[in-house]
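Chemist: Protein chains in written order, with the numbering used here: chain V, 2 to 81; chain L, 25 to 857. All C-beta atoms in this analysis are idealised placements derived from N, C-alpha and C, irrespective of residue type, glycine included.
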Amino acid sequence: MSDFRFDGIKSFDENCAAFLDELDDVDPEMSAILRSNFDGLVSIVIDGERDTRARSDFNAKIMEALDALVVPDPEKEQQA
Amino acid sequence: MMPRYFLTRLKIEGFRGINNEADPLDIRFRPDAVNSVFADNAIGKSSIFEALCYAIHGVIPKLEMLQAQERPQDYYCNRFHSKNSALIDLEFESDDVSAAVAIRVERDSAGNRTVTSPTGHPDPNAFLETLKEAFALLDYRTFARFIEESPLERGRTFSSLLGLSAYSDCRQALQATSDTRALNSDLEHKVISAAIETAQAAGQRSLGTMRTSYEHVTGNPLEDIEKLDDYAANVTRALGDVELLKSFFDGKSLADIDFDEIKAAIRTEEGGEKRKELELAVEKIAKLETLKSIDKKAVEGDQSQLSSFIDKRDELLASTRGDLFKRLYDAANALIANESWTDDEACPLCESTFDKSISAHVATQLTQYKDAAAKTEEIKEAWQASTWKTFLNSFEQSEALAVADDQRQNNRLDSKFSSGDITKAELEAAIEWTSELAKMAADSLKAAKDKKAELEKELPASLVQLTEQVEHGKQFVEAVTQYRQHQEQEAKQQERLDIRERWRTFITNATGLFADAEAALSKEKIADIDGEYKDMFRQIMNVGDVIPDLQRADDREDLHVQLSEFHGQHKLSARALLSESYRNALAISVFLAAALKHSGAPRFVVLDDVTSSFDSGHQFFLMELIRTGLQQPVNPNGLQFIILSHDGLLEKYFDRLGGTDDWHHNKLQGAPPMGAVLSQTQGADRLKSTIDTLLSAGQVSQAQHLIRQYLEYKLQQIIRRVAIPVPIDFAIKDSSRMVSNCLDAITDAVQLHDRAGNLILDQQQKQDLNTVHVPAIVGNWVSHYETGTGSGLSAPVLAGIVQSIDILAECFRYDDSSSGQVVRRWYRSLSSR
Numbered sequence: 002m003s004d005f006r007f008d009g010i011k012s013f014d015e016n017c018a019a020f021l022d023e024l025d026d027v028d029p030e031m032s033a034i035l036r037s038n039f040d041g042l043v044s045i046v047i048d049g050e051r052d053t054r055a056r057s058d059f060n061a062k063i064m065e066a067l068d069a070l071v072v073p074d075p076e077k078e079q080q081a
Numbered sequence: 025m026m027p028r029y030f031l032t033r034l035k036i037e038g039f040r041g042i043n044n045e046a047d048p049l050d051i052r053f054r055p056d057a058v059n060s061v062f063a064d065n066a067i068g069k070s071s072i073f074e075a076l077c078y079a080i081h082g083v084i085p086k087l088e089m090l091q092a093q094e095r096p097q098d099y100y101c102n103r104f105h106s107k108n109s110a111l112i113d114l115e116f117e118s119d120d121v122s123a124a125v126a127i128r129v130e131r132d133s134a135g136n137r138t139v140t141s142p143t144g145h146p147d148p149n150a151f152l153e154t155l156k157e158a159f160a161l162l163d164y165r166t167f168a169r170f171i172e173e174s175p176l177e178r179g180r181t182f183s184s185l186l187g188l189s190a191y192s193d194c195r196q197a198l199q200a201t202s203d204t205r206a207l208n209s210d211l212e213h214k215v216i217s218a219a220i221e222t223a224q225a226a227g228q229r230s231l232g233t234m235r236t237s238y239e240h241v242t243g244n245p246l247e248d249i250e251k252l253d254d255y256a257a258n259v260t261r262a263l264g265d266v267e268l269l270k271s272f273f274d275g276k277s278l279a280d281i282d283f284d285e286i287k288a289a290i291r292t293e294e295g296g297e298k299r300k301e302l303e304l305a306v307e308k309i310a311k312l313e314t315l316k317s318i319d320k321k322a323v324e325g326d327q328s329q330l331s332s333f334i335d336k337r338d339e340l341l342a343s344t345r346g347d348l349f350k351r352l353y354d355a356a357n358a359l360i361a362n363e364s365w366t367d368d369e370a371c372p373l374c375e376s377t378f379d380k381s382i383s384a385h386v387a388t389q390l391t392q393y394k395d396a397a398a399k400t401e402e403i404k405e406a407w408q409a410s411t412w413k414t415f416l417n418s419f420e421q422s423e424a425l426a427v428a429d430d431q432r433q434n435n436r437l438d439s440k441f442s443s444g445d446i447t448k449a450e451l452e453a454a455i456e457w458t459s460e461l462a463k464m465a466a467d468s469l470k471a472a473k474d475k476k477a478e479l480e481k482e483l484p485a486s487l488v489q490l491t492e493q494v495e496h497g498k499q500f501v502e503a504v505t506q507y508r509q510h511q512e513q514e515a516k517q518q519e520r521l522d523i524r525e526r527w528r529t530f531i532t533n534a535t536g537l538f539a540d541a542e543a544a545l546s547k548e549k550i551a552d553i554d555g556e557y558k559d560m561f562r563q564i565m566n567v568g569d570v571i572p573d574l575q576r577a578d579d580r581e582d583l584h585v586q587l588s589e590f591h592g593q594h595k596l597s598a599r600a601l602l603s604e605s606y607r608n609a610l611a612i613s614v615f616l617a618a619a620l621k622h623s624g625a626p627r628f629v630v631l632d633d634v635t636s637s638f639d640s641g642h643q644f645f646l647m648e649l650i651r652t653g654l655q656q657p658v659n660p661n662g663l664q665f666i667i668l669s670h671d672g673l674l675e676k677y678f679d680r681l682g683g684t685d686d687w688h689h690n691k692l693q694g695a696p697p698m699g700a701v702l703s704q705t706q707g708a709d710r711l712k713s714t715i716d717t718l719l720s721a722g723q724v725s726q727a728q729h730l731i732r733q734y735l736e737y738k739l740q741q742i743i744r745r746v747a748i749p750v751p752i753d754f755a756i757k758d759s760s761r762m763v764s765n766c767l768d769a770i771t772d773a774v775q776l777h778d779r780a781g782n783l784i785l786d787q788q789q790k791q792d793l794n795t796v797h798v799p800a801i802v803g804n805w806v807s808h809y810e811t812g813t814g815s816g817l818s819a820p821v822l823a824g825i826v827q828s829i830d831i832l833a834e835c836f837r838y839d840d841s842s843s844g845q846v847v848r849r850w851y852r853s854l855s856s857r
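#1: Could you confirm whether any beta carbon from chain L is found closer than 8 angstroms to the beta carbon of SER57(V)?
#2: Is GLY814(L) close to chain V, meaning its C-beta is less than 8 angstroms from at least one C-beta of that chain?
#3: Run the CB neighbour count on THR414(L), radius 10 Å, all protein chains shown included, and call it buried at 16 or more, exposed below.
#4: Hey, ASP25(V) and ASN16(V): beta-carbon distance below 8 angstroms or not?
#5: Would you verify that the beta carbon of ARG54(V) is, or is not, closer than 8 angstroms to some beta carbon of chain L?
#6: Just to confirm, are VAL774(L) and TYR851(L) a CB contact at a threshold of 8 angstroms?
#7: If we define contact as Cβ-Cβ less than 8 angstroms, is LEU537(L) a contact residue for chain V?
#8: Determine, for GLU495(L), whether the minimum Cβ-Cβ distance to residues of chain V falls below 8 angstroms.
#9: Kindly indicate which three-state DSSP category CYS371(L) falls into: helix, strand or coil?
#10: Cβ of ILE42(L) within 8 angstroms of Cβ of PRO696(L)?
#11: Does any CB atom of chain L fall closer than 8 angstroms to the CB of ARG51(V)?
#12: Less than 8 angstroms between the C-beta atoms of ALA197(L) and ILE45(V), yes or no?
#13: Helix, strand or coil for ASN533(L) per DSSP?
#14: Helix, strand or coil: which one does DSSP assign to SER669(L)?
#15: Does the beta-carbon of LYS270(L) have 16 or more other beta-carbons within 10 angstroms, so that it is buried, or is it exposed?
#16: If you run the structure through DSSP and keep just helix, strand and coil, what is VAL806(L)?
#17: From the DSSP output, read off the bridge partner residues of VAL139(L).
#18: Residues of chain V with CB closer than 7 angstroms to the CB of PHE530(L), please, in chain order.
#19: With respect to the beta strand (DSSP E) encompassing THR32(L), which residues constitute its N-terminal and C-terminal limits?
#20: Determine, using beta carbons only, whether TYR191(L) comes closer than 8 angstroms to chain V.
#21: The beta strand (DSSP E) with ASN357(L) in it runs from where to where?
#22: Report the rounded CA-to-CA distance for SER122(L) versus GLY144(L), giving the unit in angstroms.
#23: Compare the C-beta of ILE550(L) against all C-beta atoms of chain V and say whether one is closer than 8 angstroms.
#24: Measuring only the C-alpha atoms, how far is VAL806(L) from GLY568(L)?
#25: Quick check: TYR29(L) and PHE159(L), are their CB atoms within less than 8 angstroms of each other?
#26: PRO85(L) by DSSP, collapsed to three states: which one?
#27: Between THR201(L) and chain V, is there a C-beta pair that is closer than 8 angstroms?
#28: What is the DSSP secondary structure of THR377(L), counted as helix, strand or coil?
#29: For CYS77(L), which option in ILE36(L), LEU211(L), SER439(L) and SER725(L) has the closest C-alpha, if you only look at C-alpha atoms?
#30: Return yes when the Cβ of SER37(V) is within less than 8 angstroms of the Cβ of ALA19(V), no when it is not.
#31: Identify the contact partners of ASN357(L) in chain V, using a Cβ-Cβ distance below 8 angstroms as the criterion.
#32: Closer than 7 angstroms by C-beta to ASN208(L): which residues in its own chain qualify, once you throw out the five before and the five after it? Chain order, please.
#33: Interface residues of chain V around HIS527(L) at Cβ under 8 angstroms?
#34: Straight-line CA distance for VAL802(L) to GLY68(L)?
#35: According to the neighbour-count rule (16 or more other Cβ atoms, all chains shown, within 10 Å of its Cβ), is MET26(L) buried or exposed?
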């Protein structure tokens, strides 16, 4: 794992974007899934309070995305 | 550089405790001065903070924490406002040449929040988004718990003080999603693993059928499953070489062969009912032999394991005391966890004491329930993965056994095992039923074989054997198809499992990466404010030999607070040694140091009652620190401070500085939540006018507290303007007696100067003061309202008091004609103009 660091001058959103860019180098497909669902991730803990439902919803989206990678959408395949 | 904004005005109507229907509470703030807002308890100070919170964040955390059934949405708008709607107007001024921005936030009776900009800002919502910074609004709760919490919780609180709460939340979210248990459950690891096991088991059964059928058709064993295509070709060849069947196999692969057509052809060749019976017997034997491929020993092993699990579960359940007690222990556990009950050697129910730890007792009891629940889950999982379940399903569904629907038990057992309700007796009955099914299968197989033997005697041997071979050929083809389907299913599920493992590795690494980066950022911030917070702490506490030190763990969120110096001793626990004032001074020092370093859009900080636990001396030092070192423009990089307080002592400080160049003070008064709340800077005249209106309407009780505030305002105005000295305990005397405190200070000072012969008041003023106005106020107000012994007065008498105080104030003023025009001025002091 790299020596990735947040930049204290940048905003949280900017630093998160840099974090996701860094993850693109680790596993681009998984990183794309996390990027698409980052809003869902951020809503799992708000002001230190964990929301189990939000976590389940987030993981449900992740599961859907992972399964779509395993079993590609036939329509999309056809277009490709 | 993006502009930063000062808050210059706040207007509120119909929100929380502030009704002010058609007459909004209007408070102005100066960007170049410390702004204070004082209100007695229940006058609306918290509503101001909540209005800012709602305007900027869209929610009030206190209300959001309510249960849904308490309908928090019903408590945003003032419940006495006739339209049940709220309006919050905010005005901001930039710290550069950018235009001022006005934002209006409205909440309608249906709870809809709309944001507009009277100054035409193109995106008022986006503007408010930029103000969502941790430093803009700080309430007492957020920082007061700073030292008391565990290192982990403190680390989290500290993140918010440093403006890093979003990072802390995000890291916790990543940790939550990479938690093994959550991943296994949310991503259905067990379901997929079970599907793989099922496909594997079904594949093995198909393989068993293939082996039996292949051997029947070709007379050779099927040894290498990798050569399935070769074996299929062998079966085609063996059957295709038979003269009678040749035409059915020519040029076709095994999968394309129509075995029913072949069987019909053999029937035609031989003819007769017995031919058909033989076919059926052979088919039945083949199906029953497929059932034999299920491993009986594995079934017995499953039965034995489940039986022992149920015994253990029952044993564990017996050690608990039922559902009602579980609810009791859960409730006790919650009381202990949130520290509602702190006496660990007393029962929270009856409060009697005993000699063991209540928390340990509750934990032990709950562990027993947890163990029983875990065993129930184990039973469910063992059943789902069992060969026994497959056995029952296959036997009950088998056409060869023809088990009636009402006899089948697999679905019912599935439900019982899944819910954890299965009893030992039900398990034993299921074992018995399994034996019955096995016996039924054995009996059926024997009967089918006997029938076949009997028919074989009556039919030509060659065709009997051919029929059998064709049937096994058909079984082989079906088994190959099923085997390949199961293989495909297994591969697909394995792929799903593999990609989940890939996600697990990815998200775990991502969590580590984020946590490391966050820890580094946090450490960087701590290092960045190190000198500042220690210096602020020293100034607030006025000590040099107590030096706090924040230390963040390298790989965890924990934040430890040590005292690097404590009266000559070193590296001691801050929590153990620091008093509440010290602890809160440290928390506010850290917050202020971090806020000053921050450069987000809000250049204002609203502090809500942050000094509640400070003693008066430390409050003074904190306020002086803000006034002389942190407020802009005294500090060119400083902030605009808005301090909300209900502290009576602090109010005296606010009063003393209010109206000076570097301090702007507002005092709230009124009768919330039904009546209006007013800011004193909205004008003493407005206050007086309100009093007049109330007295004219005969609303004496509502006017009383406003009269007191008016008296206090006017008397303190005299004290400030004429520089009348007050006793050292003036500020800390009973604030409900402030009117007489002020009168005493004024009359004592007048007497002193009179006896010294240098009193500046003219004879008439002195006489009016001593013989008319002071006695009128003492007689009509102090004796009735401050002592609590007198009865209420009528509206005309109260109106007379208001008139008296105005005239009394005039005793300390004179007509100045030195500039050629007559100007009414205050005496400079009691001895000079």
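Modeler: This is what the structure holds:
#1: yes
#2: For GLY814(L), the predicted model reports a pLDDT of 47, less than 50, meaning its position is unreliable; a value from the coordinates is still stated below. Not one chain V Cβ lies under 8 angstroms of GLY814(L).
#3: buried
#4: no
#5: no
#6: no
#7: yes
#8: no
#9: coil
#10: yes
#11: yes
#12: yes
#13: helix
#14: strand
#15: exposed
#16: helix
#17: VAL129(L)
#18: VAL27, ASP28 and MET31
#19: 29-37
#20: yes
#21: Run containing ASN357(L): none in the beta strand (DSSP E); it sits in the alpha helix (DSSP H), 346-361.
#22: 13 angstroms
#23: no
#24: 46 angstroms
#25: no
#26: helix
#27: yes
#28: strand
#29: ILE36(L)
#30: no
#31: Result: empty, since nearest Cβ-Cβ is about 18 angstroms, beyond 8 angstroms.
#32: LYS214
#33: According to the sequence provided, residue 527(L) is Trp. The question's His does not apply to it. The contacting residues are MET31, ILE34, ILE63 and LEU67.
#34: 30 angstroms
#35: exposed
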